[in-house]
Amino acid sequence: DRARVFLNRVFYGHKASHIGVVTHSGMTHAAMRVIGHREYKVATAEVIPFLLEDASSAHTIPSILSGKGGK
Numbered sequence: 001d002r003a004r005v006f007l008n009r010v011f012y013g014h015k016a017s018h019i020g021v022v023t024h025s026g027m028t029h030a031a032m033r034v035i036g037h038r039e040y041k042v043a044t045a046e047v048i049p050f051l052l053e054d055a056s057s058a059h060t061i062p063s064i065l066s067g068k069g070g071k
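Residue numbers for the sequence shown follow full-length UniProt numbering, beginning at 1 and rising by one.
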């Protein structure tokens with residue numbers, strides 16, 4: 001799944017503490033699905049900001065991005 005690979009690279013492939021990404025609605029939808037976000041139809045020209053943060057629980061970003069957690 002390209003969204004999962006992309007998010008892994010963004011989350012773990014950089015030393016920066018903050019990274020901004022601008023993308024199309026298809027990638028936004030796929031990223032929301034990968035992180036377990038509820039279904040949401042992105043409208044044309046709509047901007048959807050979201051923040052990913054590492055946390056300490058069974059549903060952390062690392063477990064979600066590995067495909068072993070989330071919904």
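Yeah, the Cβ is synthetic: ideal placement off N, Cα and C, and Gly gets one too.
Query, Result
"Can you tell me where the alpha helix (DSSP H) holding Thr28 begins and where it ends?", "Ser25 to Val34"
"The alpha helix (DSSP H) with Ala3 in it runs from where to where?", "Arg2 to Tyr12"
"Output the distance between the C-alpha atoms of Ala3 and Ala31, rounded to the nearest integer angstrom.", "5 Å"
"Report back the beta-carbon spacing between Val34 and Leu7 to the nearest angstrom; my notes put them in contact at under 8 Å.", "6 Å"
"Hey, would you say Val10 sits closer than 8 Å to Val21, going by beta carbons?", "yes"
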